[in-house]
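Structure, as structure tokens:
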Amino acid sequence: CFRVVLGTSQYRVRNPMKRDPRLDLLRVAAIGLVTLFHVWRFIGRPSEVIGPFDLAAPLEKGAMGVTIFIFLSGYLCQSRSAFEKPGLFLRRKLLRLAPPYYVALIVWNVLLSLGVTAKTHTLWDNVSHVLFIHNLTEPTFYSVSGVFWYIALQVQFFIVYAVLRRPISFHPTASVTVSLMMSVASSTVMPVSFPVLDRSVFAYAFPFVLGVVTASRPAWCAAVPGGRFSLCPQWAPLLYQQFRLCSHGAD
């Protein structure tokens, strides 16, 4: 349960370099889910139906690992950078993420030039990747490499955090409510007209904001009424992703 994370926010702010094995466990779970999902897709999306059960169904739901990553991103942004100036925060994040990403972008362009796969890599495709905006339009979303959309998503969430950190921290209930409405609308209604919204900051706003709130207001997250198996905010990222998958399937 995500409850194991709640008591660590103040500790991590004071000791930002110390690793927490409980957070690492969540990372491992997310990596495993995403990896299994892509393996399942690579081998042809198989199914093994026995009576009313499909034994391959858990592999199809592995995409929920992305939601766990987004939740952790919001949590770690707040727990490690709550008192950092927005400009310094963005600079530090970009200096850490951009260099290896740009190297990977060059490598993929070389591989595509050699005919490794049929993805497009035009000038605009590459410019949009360099600017971290390629996930905002359908033609560039899966260009160059199909996994780079997540990098753009992370950078956009870093910008959102730098701009909205204080409102989210000081108004947790309103922030979580608005982000939930935004995510549900972006994932279930608006993709009919704007398909790229399904994997945008709007669609994943809820788990990210919930991560920030969990780190900044652990008492708020623990105050949800109910017993041991209550519908607590710590479970919300998984429940929300399950709702997305059940609504229109895994991508």
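Each residue of the sequence shown is one higher than the one before, counting from 815 in this note's numbering.
Idealized CB from N, CA, C, for every residue including glycine.
Exposed unless 16 or more other CB atoms sit within 10 angstroms - verdict on residue i
i, result
"residue 953", "exposed"
"residue 939", "buried"
"residue 913", "exposed"
"residue 1062", "Its pLDDT being 44, under 50, residue 1062 is placed unreliably in this model, and the coordinates cannot settle the point."
"residue 962", "buried"
"residue 932", "exposed"
"residue 1013", "buried"
"residue 884", "buried"
"residue 966", "buried"
"residue 762", "An answer regarding residue 762 cannot be provided, because it is not within the stretch 815 to 1065 covered by the chain."
"residue 930", "exposed"
"residue 1028", "buried"
"residue 1031", "buried"
Boundaries of the alpha helix (DSSP H) in which residue i is found, first to last residue
i, result
"residue 852", "835-856"
"residue 965", "963-984"
"residue 865", "Element bounds for residue 865: n/a, residue is neither H nor E."
"residue 953", "952-955"
"residue 937", "937-944"
Cβ-based neighbour list, residue i, same chain, cut-off 8 Å, excluding 5 preceding and 5 following
i, result
"residue 916", "944"
Local conformation of residue i per DSSP, three classes
i, result
"residue 898", "coil"
"residue 1029", "helix"
"residue 931", "coil"
"residue 992", "helix"
"residue 1016", "coil"
"residue 860", "coil"
"residue 924", "helix"
"residue 959", "coil"
"residue 947", "coil"
"residue 1042", "Model confidence at residue 1042 stands at a pLDDT of 36, short of 50, so the residue's coordinates are unreliable; what they give is reported in the following sentence. Three-state DSSP puts residue 1042 in coil, outside helix and strand."
Same chain only: Cβ atoms within 7 Å of residue i, ignoring 5 sequence neighbours per side
i, result
"residue 895", "903"
"residue 974", "1015"
"residue 957", "933, 934, 935, 939, 948"
"residue 1017", "997, 1000, 1001, 1011"
Proximal residues to residue i (C-beta, below 6 Å), its chain only, five neighbours per side dropped
i, result
"residue 919", "943"
"residue 879", "844, 847, 848"
"residue 959", "922"
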